[in-house]
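Asks: Going down the list, the sequences are from chains A and B. Throughout, my numbering is defined as the position within the first sequence, counted from one, plus 127. Throughout, my numbering is defined as the position within the second sequence, counted from one, plus 127. I have a structure I would like to understand better, so I am pasting it below and will then ask my questions one at a time.
2 protein chains.
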Amino acid sequence: MKRYEKNPIITSDMVKPSNPGYEVKGVFNPGAAVLGDEVILLLRVAETCVQKEGFVAVPVIRIEKGRVNAEVLEFSLSDPEVSLQDTRGISYKGTDYLSTLSHIRLARSVDGYNFEIEGEPFLFPDAPEEVFGVEDPRVTFLEGFYYINYTVVSPDGWATALARTRDFKAVEKMGIIFCPENKDVSIFPGKVNNRYHALHRPDNSIFGKPSIWYAESEDLLHWGGHRCLVRPKGDRWEDEKIGGGPPCVETPEGWLQIYHGKAEDGGYSLFGLLLDLNDPCRILKRSKEPILRPEADYEKKGFYGNCVFSNGLVEKDDGTLLIYYGASDCMTCVAETSVDEVLKML
Amino acid sequence: MKRYEKNPIITSDMVKPSNPGYEVKGVFNPGAAVLGDEVILLLRVAETCVQKEGFVAVPVIRIEKGRVNAEVLEFSLSDPEVSLQDTRGISYKGTDYLSTLSHIRLARSVDGYNFEIEGEPFLFPDAPEEVFGVEDPRVTFLEGFYYINYTVVSPDGWATALARTRDFKAVEKMGIIFCPENKDVSIFPGKVNNRYHALHRPDNSIFGKPSIWYAESEDLLHWGGHRCLVRPKGDRWEDEKIGGGPPCVETPEGWLQIYHGKAEDGGYSLFGLLLDLNDPCRILKRSKEPILRPEADYEKKGFYGNCVFSNGLVEKDDGTLLIYYGASDCMTCVAETSVDEVLKML
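Set out below in structure tokens:
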């Protein structure tokens, strides 16, 4: 796995805010797809508000009579009703407001390294289940459509929704496919036994640790056949939780999944998993050590340092894999490898 | 809502343990159905182990080569590796064991008040997702089958599984239909717009409070169209969380759902909700005050006092409703009312 020497390839200063009162704090965790000769990235853009002294400003999505308004809400720090919470935001008169809001932005490249970033959002929060943001898209190409699953966040919790596009211009939102609390959904890029398949990551609170689950569907909208597939190893690399990454790559040896794990020190690394082509619930191989872990300076320092996280990759015709990943929850990077090389690491 | 004067109708001493080393601690939260002239209850039976001084014994389900063994595991309290946890159990060398294990037992009655309880379990934990117990069944009659959804608990978390039977003799388990963490699933006793519908209750950890969600399905196994339908009111009765109860009753005015709410003092009460017959996502009425709250002595004192919880009811031909409910998480009770009477309380 070779990091691109000019990493990071996309940083906050390269992204135009979606609103004059907003400020881009991070651009990371991109979904990836190939459209004709182009590599498309769907970037998670996290924005906060421009702040002034004595006040705290938060981004708010208000949906009224079908109209979506992205606003700046300002509270005086001397107002006794304002209580600052952790990095997640503030509470005012019993209502929570988040300090950052994410949307999804499109970027295009001919070489896979140099991207042109669109000036406007591609997917913006505009539904009740999205008012705290849309995050971490994954793109799976199936039967002429690019299906995009992404995390939705709202006062009702976080869940996974689906959208689809044929051309990355028009896009159709299709609603929640995995109800709270569920993210890190990775839809397989092909049917097995006439069904769609996905990895998903429900949360655990009392028993167990967040693990990778399996589900199947006949229409991509209704999911069932849930079972727990891969649990955190419990070693220093996979201590707290694991979750699915980009859609699997179909290889002659099996479905290759690149997943992430959270270590005992809080760091996020990438791992490999090989699943049976005809029975994706059958685990053939799993990496013992990370295939990519935070080592570069930009992976160690940032909004959430010590973190590499991938939800997008592109396979070139020659078998090269371009693994796009978020570094430190604020920048977009890429690493180059190949299917063979990853399989050797398992 | 009139409590039966001989409540509780079923108590632990009336139930034969499923294993010579086990002891029945509670029999509560029954699902209910009508089969011919009989009322069937599916009782949640919670068992613990017979204890002896200086040791702690826990019930354990072990599945080996397809064989299910219900065992008693005994640990010496002087073993430094044993650490007692809260009422949930013990931890030994990093593994959690629960102090109680639930299974589902069948009981039959001709009058709805006096029940004969079977000597053997009807649904017993025998799958990896069930090894910490099966709980709180709900029965929905659809197209010749009694569908039973129930909570499964395992080291991977708690979720909702489905089973079905035609006669309450042979029963077929069909796997998890709502992945962790999800319980209080209430499947509608009829299709709307050619689809099955359900209320479900995903958990929330960071944002929001556990609420009643809606989902739909074409086959009862794969669910989608998730949306948050009813949130806790935040008053003294519905402060912490709410969740679905027995399957809705179809009335000329709408689908009548009896749900539960957890109050600020930790108590559980019952409430009513009326949903549009043709659009179950449309809320027509909702009770402001509980329709049943812990008042009787047996509802105030027990394993978890101050608790009434219902997941089973029976509608008689004359419109009488027999609401079966768990009192204090240890006894089974019944209250009598009618559709009209409940509707008047909304």
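Every residue, glycine too, gets a C-beta built ideally from N, C-alpha and C. Here the structure is a predicted model, which means the values were calculated and not measured.
Taking only the alpha-carbon atoms, compute the straight-line gap between V172 of chain B and K360 of chain A and give it to the nearest angstrom.
Replies: Taking the straight line joining both Cα atoms gives about 34 Å.
Asks: My parser needs the beta strand (DSSP E) runs of 3 or more residues fully inside the segment 229 to 264 of chain B; what are they?
Replies: Runs found: 243 to 250.
Asks: Do you know whose CA, among B:E468, B:T459 and B:D467, lies nearest K152 of chain B's CA?
Replies: It is B:T459.
Asks: By alpha-carbon positions, which one of A:S229, A:L162 and A:D362 ends up nearest to S145 of chain A?
Replies: Comparing Cα-Cα distances from S145 of chain A to each of A:S229, A:L162 and A:D362, the minimum goes to A:S229.
Asks: Along chain A, which residues have their Cβ under 9 Å away from the Cβ of P316 of chain B?
Replies: Those do not exist, as P316 of chain B stays about 20 Å from chain A at its closest Cβ, beyond 9 Å.
Asks: Run through chain A and tell me which residues come within less than 7 Å of W340 of chain B, C-beta to C-beta.
Replies: Chain A residues near W340 of chain B: C306.
Asks: Take S465 of chain A and list the residues in its own chain whose beta-carbon comes closer than 7 Å to its own, dropping the five residues that flank it on each side.
Replies: Answer for S465 of chain A: G446, T447 and L448, listed in chain order.
Asks: Along chain A, in chain order, which residues have C-beta atoms closer than 9 Å to that of D456 of chain B?
Replies: None at all; the shortest Cβ gap to chain A is about 16 Å.
Asks: For the candidate residues A:R409, A:Y431, A:E463 and A:G399, whose alpha-carbon lies nearest to that of E416 of chain A?
Replies: Cα-wise, what sits closest to E416 of chain A is A:G399.
Asks: On a Cα-Cα basis, can you pick out the residue from A:K412, A:I136, A:S437 and A:P255 that is closest to L473 of chain A?
Replies: The option with the nearest alpha carbon to L473 of chain A is A:K412.
Asks: Express the C-alpha separation of E201 of chain A and V177 of chain A in angstroms, rounding to a whole number.
Replies: C-alpha separation (whole angstroms): 10 Å.
Asks: Between M141 of chain B and V261 of chain B, what straight-line distance do the alpha-carbon atoms span, to the nearest angstrom?
Replies: Rounded to whole angstroms, M141 of chain B to V261 of chain B spans 20 Å at the Cα level.
Asks: Alpha helix (DSSP H) containing E270 of chain B: first to last residue?
Replies: From DSSP, E270 of chain B is part of no alpha helix (DSSP H); its letter is neither H nor E.
Asks: Tell me K368 of chain A's beta-bridge partners as DSSP assigns them.
Replies: Its beta-bridge partners are A:K389.
Asks: Helix, strand or coil for E73 of chain B, going by three-state DSSP, please let me know.
Replies: Summary: the structure shown does not reach residue 73 of chain B, with chain B confined to residues 128 through 473, and so no result is reported for it.
Asks: When the distance is taken between beta carbons, is I244 of chain B closer than 9 Å to L169 of chain B?
Replies: It is not a contact, given that the beta carbons lie outside the stated cut-off.
Asks: Using a Cβ cut-off of 7 Å, pull out every chain B residue sitting near F249 of chain A, in sequence order please.
Replies: By Cβ distance, chain B contributes nothing, its closest Cβ being about 23 Å from F249 of chain A, past 7 Å.
Asks: Can you give the beta carbon distance from K310 of chain A to W285 of chain A, rounded, assuming they're within the 8 Å contact cut?
Replies: Confirmed, Cβ separation roughly 6 Å.
Asks: Once DSSP output is grouped into helix, strand and coil, what is the label at K412 of chain B?
Replies: Three-state result, K412 of chain B: strand.
Asks: Going straight from the alpha carbon of L348 of chain A to that of V199 of chain B, what length do you get?
Replies: Cα to Cα, the separation comes out at about 43 Å.
Asks: Would DSSP call L404 of chain B helix, strand or coil?
Replies: Correct three-state label for L404 of chain B: coil.
Asks: Just verifying my parser: in three-state terms, what is the DSSP assignment at Y131 of chain A?
Replies: Looking at Y131 of chain A - three-state DSSP - the assignment turns out to be coil, as it is neither helix nor strand.
Asks: Between the segment 258 to 292 of chain B and chain A, which residues of the former have a C-beta closer than 8 Å to a C-beta of the latter?
Replies: Within the segment 258 to 292 of chain B, the residues whose Cβ lies closer than 8 Å to some Cβ of chain A are F259, V280, S281, P282, D283, G284, W285 and A286, listed in chain order.
Asks: Along the segment 321 to 337 of chain B, what residues have a CB closer than 8 Å to any CB found in chain A?
Replies: Those would be H327, P329, D330, N331, S332, I333, F334 and G335, in chain order.
Asks: In the DSSP assignment, what are the bridge partners of C176 of chain A?
Replies: Answer is A:Y149.
Asks: I need the DSSP call for Y219 of chain B, collapsed to helix, strand or coil.
Replies: Reduced to three states, the DSSP call for Y219 of chain B is strand.
Asks: Could you tell me which residues DSSP pairs with T138 of chain A in its beta bridges?
Replies: None, per the DSSP bridge assignment.
Asks: Counting only the same chain and skipping the five closest in sequence on each side, list residues whose C-beta sits under 6 Å from that of V258 of chain A.
Replies: Taken in chain order, the residues that qualify are I188, P252 and S281.
Asks: According to DSSP, N331 of chain B sits in a beta bridge with which residue or residues?
Replies: Answer is none; N331 of chain B lacks a bridge partner.
Asks: Spatial neighbours of N156 of chain A within its chain, please: C-beta separation below 6 Å, excluding the five flanking residues on both sides.
Replies: For N156 of chain A, where only same-chain residues beyond five positions count, the Cβ hits under 6 Å are R171, D263, F436, N438 and G453.
Asks: In three-state terms, what does DSSP make of L470 of chain A?
Replies: Helix, per DSSP.
Asks: Taking a contact to mean a Cβ-Cβ separation below 9 Å, would you say L211 of chain B touches V183 of chain B in this structure?
Replies: For L211 of chain B and V183 of chain B, yes; Cβs fall inside 9 Å.
Asks: Taking only beta-carbon positions, decide if S210 of chain B is within less than 9 Å of chain A.
Replies: So, not an interface residue.
Asks: May I ask you to list the residues that DSSP assigns as paired with Q384 of chain B?
Replies: Answer is B:L400, bridged to Q384 of chain B.
Asks: From T227 of chain A to G216 of chain A, what distance separates their C-alpha atoms?
Replies: The alpha-carbon atoms of T227 of chain A and G216 of chain A are separated by roughly 8 Å.
Asks: What residues in the segment 354 to 382 of chain A have a beta carbon less than 8 Å from any beta carbon of chain D?
Replies: This model lacks chain D altogether; the protein chains it does include are A and B.
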